[in-house]
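A.B. asks: Attaching a single structure in structure tokens format; questions to follow.
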Amino acid sequence: MSRTMSGVMPAVTRTRLMCALLPALLATPLLTACGDSSDDGGAGADGDFRVLVFSRTAGFRHDSIETGVDTVRQLGAMHGFGVDHTEDPAAFSADNLAHYAAVLWLSTTGTVLDETQKAAFEQYVRSGGGYAGVHSASDTEYDWPFYAELVGAYFHSHPVFPLGAEGGPGVQPGDLHLEAPDHPAVAHLPVPWTISDEFYSFRTNPRGTVRVLLNIDEDSYDQDPNTTNISGGTFIIGETGTMKDHPMSWCHDRFEGRAWYTALGHSTALYADANFRRHLLNGILTAARRVAADCVPREDGPLAERDTGPAFPPLLP
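Going letter by letter, the sequence shown gives residues -32 to -1, 1 to 285 in mature numbering (1 follows the signal peptide of the UniProt record, and there is no 0).
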């Protein structure tokens, strides 16, 4: 059963640059341990393992976090794995982490662990533990080189318009394309997979250090103006969010552990989407090594021939 760990830290929120504008304006069902099936379609998960969901924020806090936690609990109940949720960084101790096949960083932001807790998590991953990251997990721990390699790429920007979008400013429809049709986290998806969400651009392109699973068609949505173009509610000359070759989900084996990341998950409504739920489920199972998944990094791919776009200079977190 799912449970919530005690000692939850209160959430700390900040205002994103874009907030200055606001006033102005899952096919194959998986049998669970009980023999039930679900349309979320997990692929061959083993019972009797646990996942820790960590959603501490030291920056912007997404409204979708609570729905995301509930969704993972539902997926665990349907597919035979336990789910614990915490925002207490004290959960990152060697003894506690040893209980989990994977840790899901769910829309975390900012610096969320101290040095002792970071060391415990590093040892956990180096001992074969799994990492899964959702959405702003890439907007987290900018000064931790180990985490930088694990997440694969850091957040750069996201679109600002349309301001009145359901789900928040910058949420718009876009077309995602499969790069790994054999991978359980994306094999079920239509081509293209058209969804509405807040689409991230990244400071670096992770291709070559990861296996890219999903790529977004930049012609299907507006990257600009983006959050680097806003200061105090006034538009300024800034950087483009265009990457051209624009990965949105990937996995890789690193430090003896396995990592899976999706940039999706900003929109609360997305957690009710069957395709997204299956993407999330099999991403978690990939990190936990409960499904067969090829995560060998590749330089090539069906969309890799696109120009990689501008090289973004380092930004302050």
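Note that the Cβ used here is the ideal one computed from N, Cα and C, for glycine as well. Please read these numbers as outputs of a predicted model, since none were measured by experiment.
For W218, which residues does DSSP report across the bridge?
C.D. replies: V180, Y229.
A.B. asks: Residue ranges of each alpha helix (DSSP H) run of no fewer than 4 residues wholly in the segment 37 to 105, ordered along the chain?
C.D. replies: Whole alpha helix (DSSP H) segments, 4+ residues: 62 to 65, 83 to 94.
A.B. asks: Can you give me the start and stop residues for the alpha helix (DSSP H) that T254 sits inside?
C.D. replies: Counting along the chain, the alpha helix (DSSP H) containing T254 begins and ends at 242 to 255.
A.B. asks: Could you compute how far the alpha carbon of R266 sits from the alpha carbon of V93?
C.D. replies: Spanning the two alpha carbons is a distance of roughly 22 Å.
A.B. asks: Helix or strand or just coil, what does DSSP make of T108?
C.D. replies: Residue state, collapsed to three classes: strand.
A.B. asks: Would you check if the segment 138 to 148 and the segment 106 to 117 touch, i.e. whether three or more CB-CB distances between them fall below 8 Å?
C.D. replies: Segments in contact, no.
A.B. asks: What are the start and end residues of the beta strand (DSSP E) that includes V19?
C.D. replies: It spans 18 to 22 - the beta strand (DSSP E) in which V19 sits, taken as one unbroken run.
A.B. asks: I'd like the list of long-range same chain contacts for E186, defined as Cβ closer than 8 Å, with 5 residues on each side in sequence excluded.
C.D. replies: Correct list, in chain order: T210, M211, K212, H214.
A.B. asks: Quick one: Cα of R258 to Cα of N197, how far?
C.D. replies: Distance between the alpha carbons of R258 and N197: 42 Å.
A.B. asks: With a threshold of 16 other CB atoms inside 10 Å of the CB of V154, please say whether the residue is buried or exposed.
C.D. replies: When all chains shown are included, V154 counts as buried.
A.B. asks: Is it right to say D268 is buried, meaning 16 or more other beta carbons lie within 10 angstroms of its own, or is it exposed?
C.D. replies: The residue is exposed, with fewer than 16 neighbouring Cβ atoms inside 10 Å.
A.B. asks: Could you spell out the range, first to last residue, of the alpha helix (DSSP H) harbouring F114?
C.D. replies: Its alpha helix (DSSP H) spans residues 113 to 119.
A.B. asks: Less than 6 Å between C-beta atoms, sequence neighbours within five positions excluded: which residues of the same chain meet that for T172?
C.D. replies: Cβ neighbours of T172 beyond the five flanking positions: A121.
A.B. asks: Looking only at its own chain, which residues have a Cβ that is under 6 Å from the Cβ of T35, when we skip the five neighbours before and after it?
C.D. replies: Taken in chain order, the residues that qualify are T236, Y239.
A.B. asks: Compute the Euclidean distance between the alpha carbons of H124 and D107, then round it to the nearest angstrom.
C.D. replies: H124 and D107: Cα-Cα distance of roughly 8 Å.
A.B. asks: Is N197 helix, strand or coil when you go by DSSP?
C.D. replies: Looking at N197 - three-state DSSP - the assignment turns out to be helix.
A.B. asks: Only counting the same chain, and skipping five residues up and downstream in sequence, which positions put a Cβ closer than 7 Å to that of E117?
C.D. replies: Cβ neighbours of E117 beyond the five flanking positions: R222.
A.B. asks: Give the DSSP-derived three-state secondary structure of T210 in the structure shown.
C.D. replies: If DSSP states are grouped into helix, strand and coil, T210 belongs with coil.
A.B. asks: Keeping to the same chain, check which residues put their C-beta closer than 6 Å to that of T208; ignore five residues upstream and five downstream.
C.D. replies: These residues qualify, in order along the chain: D192.
A.B. asks: V178 and H220 look like a contact to me (Cβ under 8 Å); what is the Cβ gap, rounded to whole Å?
C.D. replies: With 8 Å as the limit, V178 and H220 qualify as a contact, their Cβ atoms being about 4 Å apart.
A.B. asks: State the DSSP-derived secondary structure class of R266, mapped to helix, strand or coil.
C.D. replies: In this structure, R266 counts as coil in the three-state DSSP scheme.
A.B. asks: Compute the Euclidean distance between the alpha carbons of G96 and L72, then round it to the nearest angstrom.
C.D. replies: Straight-line Cα distance between these residues: approximately 15 Å.
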